[in-house]
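Novice: Below is a structure I'd like to ask you about.
Residue numbers (this note's numbering), protein chains in the order written: chain A, 422 to 581; chain Y, 256 to 407.
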């Protein structure tokens, strides 16, 4: 009986200490719900996706089109007058063809329909670099061409 | 049999078990999230119970360890040590039986020893030691025995 009573004292003490220490912790252990913090939002995930019609209107207003697909796909088919900015070459291509035009230049970022994440991330990087007028078209190249933008292929242009 | 319950052997086992319990408690106290994850890998109790265990077990192990080493509430501490080791060993045996490839969460909360036959043997030896401490004469180098002797 003494052992039981002493054990009960120890369990009670441990319970009080355990819960009190948890309350005092900077990040208390929750009694329910996920133990893992929510994943940070993907870069650019809060950017509204632009439609192909909005991209067409931007084209008519002199926007600069950036294609995030790999160079091979870009050479095969693209929006006429657009520039290849694949993620792996973003910095080189940015300083080569985009930065000279200043942050006011309207930009439209597009890729293949499956490139939604890359398109948003590239648009977010451009906004981080100070560009305020950036459209992220996540519906893909074909939707832009269907909307009336001219296609092009072959060797890419070097300058606008 | 008498040799097994020798006061000096019981003292050595008592101190050793106390150290083991304290060493087991410290990393869990420092990382309750990791310990809660370790418990959840066993899939034995509901989520809320896992969290309560993650909060209560580490201080309990610490108190049991301190109680065994100092000889304070030593009967309760030794009963709990025996009981906790039985529960832990059962959980490990169930995990081994289910074929789970998980860390035991015994002395750390991140990685550490995997559950398996060796861990069961190790725990069986500790259960034996805890039984001897629980049933033996724990009066050597014990604050409780010293207070009883001196009336303080």
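Each residue gets a CB set at the ideal place from its N, CA and C atoms; glycine is no exception.
Taking only beta-carbon positions, decide if residue 318 of chain Y is within less than 7 Å of chain A.
Specialist: Output row for residue 318 of chain Y: interface = yes.
Novice: Please classify residue 572 of chain A: does DSSP put it in a helix, a strand, or coil?
Specialist: strand
Novice: Among the residues of its own chain, which have a CB less than 6 Å from the CB of residue 273 of chain Y, if the five just before and after it don't count?
Specialist: 320, 323 and 324
Novice: By the 10 Å Cβ neighbour count, where 16 or more other Cβ atoms means buried, how is residue 537 of chain A classified, buried or exposed?
Specialist: buried
Novice: Within 7 Å of any Cβ in chain A, is that where the Cβ of residue 391 of chain Y sits?
Specialist: In terms of beta-carbon proximity, residue 391 of chain Y stays away from the interface with chain A, with every pair separated by 7 Å or more.
Novice: Could you say which of A:552, A:424 and A:533 lies nearest to residue 521 of chain A if we only look at CA atoms?
Specialist: Of the candidates A:552, A:424 and A:533, the one whose C-alpha sits nearest the C-alpha of residue 521 of chain A is A:552.
Novice: List, in order along the chain, the chain Y residues whose C-beta lies closer than 7 Å to that of residue 440 of chain A?
Specialist: 310
Novice: Starting from residue 486 of chain A, trace the beta strand (DSSP E) in both directions and tell me its first and last residue.
Specialist: 485-488
Novice: Based on the DSSP output, what are the partners of residue 528 of chain A in its beta bridges?
Specialist: A:485 and A:555
Novice: Comparing the C-beta of residue 436 of chain A with each C-beta of chain Y, is any distance below 7 Å?
Specialist: yes
Novice: Check whether the segment 562-579 of chain A and the segment 279-292 of chain Y are in contact - that is, three or more C-beta pairs closer than 8 Å.
Specialist: Contact between the segment 562-579 of chain A and the segment 279-292 of chain Y is absent, because fewer than three Cβ pairs lie under 8 Å.
Novice: Looking at residue 500 of chain A and residue 556 of chain A, is the spacing between their C-beta atoms short of 7 Å?
Specialist: Contact check for residue 556 of chain A against residue 500 of chain A fails: the beta carbons are separated by 7 Å or more.
Novice: So what's residue 369 of chain Y in DSSP terms, helix, strand or just coil?
Specialist: strand
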